[in-house]
Structures are given as structure tokens and as C-alpha cells.
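Enquirer:
Residue numbers (my numbering), protein chains in the order written: chain H, 2 to 191; chain W, 5 to 246.
Okay, here's the thing in C-alpha cells:
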């Protein structure tokens with residue numbers, strides 16, 4: 002990324018805050034602390050983190066229709082759920098995602114066991130997953146992350162930034178551990 | 005045994021098996037194999053009767069169940085305490101693992117629902133089904149007829165190259181460059197001659213076939229809209245995650 006003249010940030014926190022707000026407003030994907038640190042040239046991740054917390058509180062305190070979300074290992078502004086119907090109205094020719102059970106199951110297997118191949122997913126589900134994989138790829142919830150170095154060098158899949166954003170996950174660690182998930186199920190004995 | 009035909013859709017053989025275990029409140033770690041095999045086969049029979057498309061996977065598990073059942077029925081050749089591993093073990097492990105991911109899928113579903121009203125900059129995604137043509141041939145043809153009815157009756161002498169489809173393709177694409185969607189009528193704007201309209205129509209079909217555009221009609225009698233099919237940008241989208 003060409004950064005010939007990073008905006009000069011002195012000790013002026015207010016100014017840096019404005020720069021951060023600008024970046025968080027305009028970005029179309031979550032920005033990590035390191036990334037923000039680099040772009041602003043602040044060279045102080047802790048300071049950035051503190052300012053981000055301030056921005057977040059300010060937005061909330063003022064009751065603005067935008068919120069600062071911590072999502073997908075970064076930060077990005079989002080519209081408040083209160084006004085979601087209007088956003089939908091604006092984008093009425095586009096729809097929000099609705100995933101089938103097959104797609105959700107496939108996605109959860111990938112999320113926990115990534116990177117893994119189609120055959121490995123099918124082994125868990127006991128059924129073909131080609132259609133579900135295509136849907137997930139199309140929706141950019143998963144991506145090809147490499148090839149398994151075995152016979153046939155099959156493609157391996159992993160989840161994307163959009164996956165974390167769609168499900169409001171700060172990181173993959175935000176997924177509950179598989180063992181505790183099973184415990185919630187009344188039918189899993191023991 | 006009578007079954008209620010509640011059209012439960014099963015995601016696969018494991019899903020069906022889990023359903024049967026739950027239905028009869030069985031212990032997943034100690035499945036009565038004979039009972040469950042009977043139930044499972046009865047379900048397959050019902051699915052066949054209902055003409056549900058039954059994937060081969062269902063049959064594979066059926067044979068696995070029967071193999072396990074056979075093993076448990078056969079008298080053990082070695083009457084010692086060591087009876088070898090439980091023939092059900094592998095299946096049970098699979099079921100338990102699958103069940104975990106089913107729960108994880110439910111977690112994702114809840115999260116998706118929880119965050120569905122949070123919108124970020126960046127384009128929302130199209131539903132998969134919405135990227136395809138959703139109107140029938142007759143709807144298209146009757147819409148075409150409407151446009152043709154408005155055309156000039158007479159077109160005089162027509163030369164072969166007068167209305168090349170390539171030109172119309174360019175016209176449609178240039179319309180879509182400016183806006184994400186164009187109404188059906190707009191495609192035919194400025195076309196007064198029948199041949200011009202027809203070549204516009206053909207150009208549109210060609211573009212749909214080439215996957216450059218998709219044609220949608222939201223409900224009966226709604227306006228037919230033409231959309232540009234977006235170019236995949238996964239590479240760009242993910243390159244900047246870090």
C-alpha cells in the first residue's frame with residue numbers, strides 16, 4: 002500500500018480521532034488495529050485502541066444511527082439495527098442472505114475444521130455437499146484456501162471475512178467450543 | 005406400524021438416523037440396532053412411496069445398519085470376553101460428531117438472525133436464486149408482444165445488417181453500466197421497428213445466456229427488470245483482510 006505521506010499525527014488525539022472516524026466510516030471491510038495504526042501513521046496501537054473505544058462510546062452516547070462494530074478481527078461502522086427496515090427498503094432489489102440447513106451445516110463444519118476438503122466435509126455430513134459449497138462460495142462465506150497434498154490434490158476450503166461479518170463474530174474464537182455446543186443438546190447423553 | 009407423514013426433510017442419512025433416535029428417545033451411545041434398522045428402512049420405504057428423490061447415501065447407511073445388525077446377531081466365534089470392538093462404534097462416533105455440527109449450524113443460524121439487521125458498507129449479497137431468470141418463456145414472450153404491438157407496422161425494405169445483435173448487446177450493457185438495474189421497457193427505448201425490437205430481445209437473451217445479466221420479475225405482473233451480473237471479487241475482498 003503506497004503511503005508516501007501518512008497524515009502527520011502529533012499528540013493531538015482529537016485530530017487522530019477524526020482520522021480514525023473517517024477511515025472507519027469509509028471502509029468497506031473491517032480494519033484491524035494494526036492496519037489503522039499503519040494507515041494513520043500513529044505508531045501507537047494502544048493509543049488507537051483507546052481512541053476507538055472512545056469513538057464507540059461517543060456514537061452510542063449520542064444515539065447516532067451508526068454504530069462501531071468490532072467484527073472479523075477489526076472495526077467497521079455499521080448502521081443501527083433500529084433503521085434496518087429502511088436499509089432494506091433502499092436495497093429492495095437485493096435481499097439479505099437466507100442460508101439453507103444444508104448450507105449452514107456445511108458452513109459450521111468448515112468453520113471448525115478448516116482448512117478441509119470436500120470429501121472431508123462429506124464424511125462428516127454423510128451426504129454430498131457440492132451444492133452447498135457452491136452457494137457458500139457464491140456468497141463469499143467460504144473460499145478456497147489451498148490444496149491438500151494428497152492424491153488428486155483436492156481443494157481445501159476455509160471461511161472468509163464476510164463469514165465473520167455476517168454472523169457478527171469478532172474472530173473465529175468467537176465460535177463456541179464444539180464440546181460445549183454438544184452439551185446444550187438434551188439428547189447427547191452423558 | 006403407522007407413520008405420520010410429516011414431511012420432515014432430512015439433510016442426509018445421518019440426519020434421518022438422528023431424528024429416529026430422538027423420536028424414540030434412544031440412547032445414542034447404545035442404539036438398539038435391530039429396532040433402528042427397522043425404523044430406518046421403514047422411512048426409506050415411505051420416502052420411496054412419496055417419490056422423494058432418494059440419494060444413494062441413504063441406501064449406503066441402510067446397508068451399514070444391516071451389516072452391523074448381522075454382526076451383532078452372528079454368534080461370536082470366540083466365546084471369550086474379548087468380543088472385539090462394538091460394531092456400532094464407528095457409526096456412533098459419526099453420529100455424535102454430526103450432531104455437534106448440527107448444533108453449531110443452529111448457533112450460526114441464531115447469530116445470523118441476531119446480526120441480520122446490522123448493515124455494513126459494501127454491497128449486500130443477492131440471493132442465489134435471484135441471480136437467475138425467474139420468469140417463464142411465456143411471460144417473456146407476452147412482454148415482447150406488448151412491445152412489438154407498439155412498433156411501427158411497416159418497416160420497408162430491410163437489409164440483413166440493419167440491426168446487428170452485437171450493437172444491441174452494447175446498448176444494453178451501456179445502459180447497465182450507469183445503473184444496477186434497468187426496466188424491461190428501457191431496453192427497447194428508441195426502437196420503433198419490429199426487427200430492431202426483436203434483435204434487442206435476442207441480444208438480451210444472449211446476454212442472459214452468457215451470464216452477463218439476469219432477468220427478474222418480482223411477482224406476477226410486476227415490472228420485469230434487467231440486472232448486471234456482478235463480477236466475482238473474492239480475491240480483492242479477501243486480500244485485504246490482514
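Where a beta carbon is used, it is the ideal one built from N, C-alpha and C, also for glycine.
1) Given a threshold of 16 other Cβ atoms within 10 Å of its Cβ, counted over all protein chains shown, does residue 133 (chain W) qualify as buried or as exposed?
2) Check whether the Cβ atoms of residue 172 (chain W) and residue 207 (chain W) sit closer than 8 angstroms, and answer yes or no.
3) Nearest chain H C-beta to residue 96 (chain W) closer than 8 angstroms, yes or no?
4) Please classify residue 167 (chain H) as buried or exposed, where buried requires at least 16 neighbouring CB atoms within 10 angstroms.
5) Using the rule of at least 16 other Cβ atoms within 10 Å of the residue's Cβ for burial, across every protein chain shown, is residue 16 (chain W) buried or exposed?
6) Step through the CB atoms of chain H and report whether any lies within less than 8 angstroms of the CB of residue 108 (chain W).
7) Name, please, each residue of chain H whose Cβ falls closer than 8 angstroms to the Cβ of residue 36 (chain W).
8) Which residues in chain W sit within 8 angstroms of residue 85 (chain H), going by Cβ to Cβ distance?
9) If you follow the alpha helix (DSSP H) that residue 42 (chain H) is part of, which residue opens it and which one closes it?
10) Is it true that the CB of residue 21 (chain H) sits closer than 8 angstroms to the CB of residue 37 (chain H)?
11) Look at residue 126 (chain H) and residue 18 (chain W) and say whether their C-beta atoms are less than 8 angstroms apart.
12) Can the beta-carbon of residue 157 (chain H) be found closer than 8 angstroms to that of residue 31 (chain H)?
13) Should residue 70 (chain H) go down as buried or exposed, given a rule of 16 or more other Cβ atoms within 10 Å for buried?
14) Would you please verify whether the beta carbon of residue 167 (chain W) is less than 8 angstroms from any beta carbon of chain H?
15) Can you give me the start and stop residues for the alpha helix (DSSP H) that residue 172 (chain W) sits inside?
16) Are any of the Cβ atoms in chain H nearer than 8 angstroms to that of residue 44 (chain W)?
17) For a test of the three-state rule: what should DSSP assign to residue 16 (chain W), helix, strand or coil?
Expert: Answer, in terms of the structure:
1) Working through the second chain from its first residue, we reach residue 133 (chain W) at position 129. Unreliable positioning characterises residue 133 (chain W) in this predicted model, as indicated by a pLDDT of 48, which lies under 50. A coordinate reading is not provided.
2) Locating residue 172 (chain W) in the second chain gives position 168, counting from the first residue. Locating residue 207 (chain W) in the second chain gives position 203, counting from the first residue. Going by C-beta atoms, residue 172 (chain W) is nearer than 8 angstroms to residue 207 (chain W).
3) If you number the second chain from 1, residue 96 (chain W) lands on position 92. So no, residue 96 (chain W) is outside the interface.
4) Here residue 167 (chain H) is taken as the residue at index 166 of the first chain, counted from 1. So residue 167 (chain H) counts as buried.
5) Start at 1 with the first residue of the second chain, and residue 16 (chain W) comes out as number 12. Flag for residue 16 (chain W) reads buried.
6) Walking along the second chain from the start, residue 108 (chain W) turns up at place 104. It does; some Cβ of chain H falls within 8 angstroms.
7) For this step, residue 36 (chain W) is matched to residue 32 along the second chain. What residue 36 (chain W) touches in chain H: nothing, since even the nearest Cβ is about 14 angstroms away.
8) Here residue 85 (chain H) is taken as the residue at index 84 of the first chain, counted from 1. Against residue 85 (chain H), the close residues of chain W are 120, 121, 122 and 123, in the order they occur along the chain (beta-carbon pairs closer than 8 angstroms).
9) The residue you call residue 42 (chain H) lines up with position 41 of the first chain. Careful: residue 42 (chain H) lies outside any alpha helix (DSSP H) and carries neither H nor E.
10) On the first chain, residue 37 (chain H) is found 36 positions in, with the first residue counted as 1. On the first chain, residue 21 (chain H) is found 20 positions in, with the first residue counted as 1. Yes, the Cβ-Cβ distance between residue 37 (chain H) and residue 21 (chain H) is below 8 angstroms.
11) Taking the first residue of the first chain as position 1, residue 126 (chain H) is located at position 125. Taking the first residue of the second chain as position 1, residue 18 (chain W) is located at position 14. For residue 126 (chain H) and residue 18 (chain W), yes; Cβs fall inside 8 angstroms.
12) Position 156 of the first chain, counted from the first residue, corresponds to residue 157 (chain H). Position 30 of the first chain, counted from the first residue, corresponds to residue 31 (chain H). No, the pair does not count as a contact, with Cβ atoms beyond the cut-off.
13) On the first chain, position 69 is the one that residue 70 (chain H) refers to. By the C-beta density criterion, residue 70 (chain H) is buried, having at least 16 other C-beta atoms within 10 angstroms.
14) For this step, residue 167 (chain W) is matched to residue 163 along the second chain. It does not; no Cβ of chain H falls within 8 angstroms.
15) The sequence position of residue 172 (chain W) within the second chain is 168, counting from 1. Per DSSP, residue 172 (chain W) belongs to the alpha helix (DSSP H) from 169-182.
16) Taking the first residue of the second chain as 1, we reach residue 44 (chain W) at position 40. Not one chain H Cβ lies under 8 angstroms of residue 44 (chain W).
17) In the second chain, counting from the first residue as 1, residue 16 (chain W) sits at position 12. Residue 16 (chain W): coil per DSSP, three-state reduction.
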